[in-house]
Amino acid sequence: MLKYISNNIKYTMGEFIGGKIMVNENINTERKYKKINSAKLQFSTFESEGEYNYLEMEYNAILNGDVKATKIFCTGETEIHGNVKTREMDLKGVTTVNGDISGNTIKIVGESKINGDIKFRDFTLNGTLVGSGSVTCTNFISDGKYTGATEVKAKTITASGQIGIETLDAGKIDLRLNKNSNIKFIKGETININLLNGIFSRFTSGSNDLEIDTIEGEDIVLTNIKAKKVIGKNIVLQKNCIIENLKYTGSLDKKDNSKVNNAIKVE
Numbered sequence: 000m001l002k003y004i005s006n007n008i009k010y011t012m013g014e015f016i017g018g019k020i021m022v023n024e025n026i027n028t029e030r031k032y033k034k035i036n037s038a039k040l041q042f043s044t045f046e047s048e049g050e051y052n053y054l055e056m057e058y059n060a061i062l063n064g065d066v067k068a069t070k071i072f073c074t075g076e077t078e079i080h081g082n083v084k085t086r087e088m089d090l091k092g093v094t095t096v097n098g099d100i101s102g103n104t105i106k107i108v109g110e111s112k113i114n115g116d117i118k119f120r121d122f123t124l125n126g127t128l129v130g131s132g133s134v135t136c137t138n139f140i141s142d143g144k145y146t147g148a149t150e151v152k153a154k155t156i157t158a159s160g161q162i163g164i165e166t167l168d169a170g171k172i173d174l175r176l177n178k179n180s181n182i183k184f185i186k187g188e189t190i191n192i193n194l195l196n197g198i199f200s201r202f203t204s205g206s207n208d209l210e211i212d213t214i215e216g217e218d219i220v221l222t223n224i225k226a227k228k229v230i231g232k233n234i235v236l237q238k239n240c241i242i243e244n245l246k247y248t249g250s251l252d253k254k255d256n257s258k259v260n261n262a263i264k265v266e
């Protein structure tokens, strides 16, 4: 049976409903926190930190404190002010996290802002994310808009939509980006980049097009890309590429109306 404890929370135990804390067992309220099975936060601010199995935050919930949980689920408009460690994290609606987050899997839908570093095995974005730190993961998938991060480092990076990140570093990189994307440095082994509505589109102005400073890899395929420097082994330039400086050690295949100002084969 649920037991009502307090409206003014200074510990992390139980299930929070409507600004109250509900628990499934008799507990010692003098302890600062204990590990619990589940908690639900709604409509209030909680000065809390602790360990959970399942933590659900919804509506206008704010949590101040570091959190450890097996699973965290956020809906509505929620805020977490502290570091988060979890196996699984689902962010829906409008979510703000002021702290580092880490775990196994994270899925982001809606609008999120994360002011800290992100470390997950699997990262999936289907919405909008603004970040200020770095992302370290095994598999990075983005189908939406991700801006503000300093670096994404992974084994595989697959992204479509808009990316505004300083550095991408992965073994395999596959990008299908729109013209508002902004990337300075891309490093990988197998790289495929396609800028949709690219630099020769009659419907867009050149000032808004993506220009990458450096692309460095082994096997590189570019479409509608403008870059200052491309370095690789085997390089294929599909339509509408403009490259200032290009170095390759294997083969160069330049198609259609792509242009290279300075190409050097390194023996």
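If you read the sequence shown in numbering that gives the first Met the number 0, its first letter stands for residue 0, the second for the next number, and so on.
Using N, Cα and C, we set each Cβ at its ideal position, and we do this for glycine too.
Check: Residue 130, buried or exposed, once every other Cβ within 10 Å from all chains shown has been counted against 16; Outcome: buried
Check: Within 8 Å, strictly: CB atoms of residue 58 and residue 81; Outcome: no
Check: Outcome for residue 85 when other beta-carbon atoms lying within 10 angstroms are tallied against a minimum of 16; Outcome: buried
Check: Cβ neighbour criterion (16 or more within 10 Å) applied to residue 266; Outcome: exposed
Check: CB contact flag (residue 110, residue 132, <8 Å); Outcome: no
Check: C-beta neighbour in chain D for residue 108, strict 8 Å; Outcome: Among the chains of the structure shown, chain D does not appear; only one protein chain is present.
Check: C-alpha distance - residue 128 paired with residue 162, whole-angstrom precision; Outcome: 10 Å
Check: Straight-line Cα distance separating residue 143 from residue 181; Outcome: 14 Å
Check: DSSP bridge partner residues for residue 93 (one or two, in chain order); Outcome: 76, 110
Check: C-alpha distance - residue 227 paired with residue 51, whole-angstrom precision; Outcome: 49 Å
Check: Own chain partners of residue 146 with C-beta closer than 8 Å, once the 5 adjacent residues on each side are dropped; Outcome: 128, 129, 130, 161, 162, 163, 164, 181
Check: Bounding residues of the beta strand (DSSP E) (the contiguous stretch that carries residue 252); Outcome: 241-253
Check: With 16 other Cβ atoms within 10 Å as the buried cut-off, status of residue 224; Outcome: buried
Check: Euclidean distance between Cα positions of residue 54 and residue 62; Outcome: 11 Å
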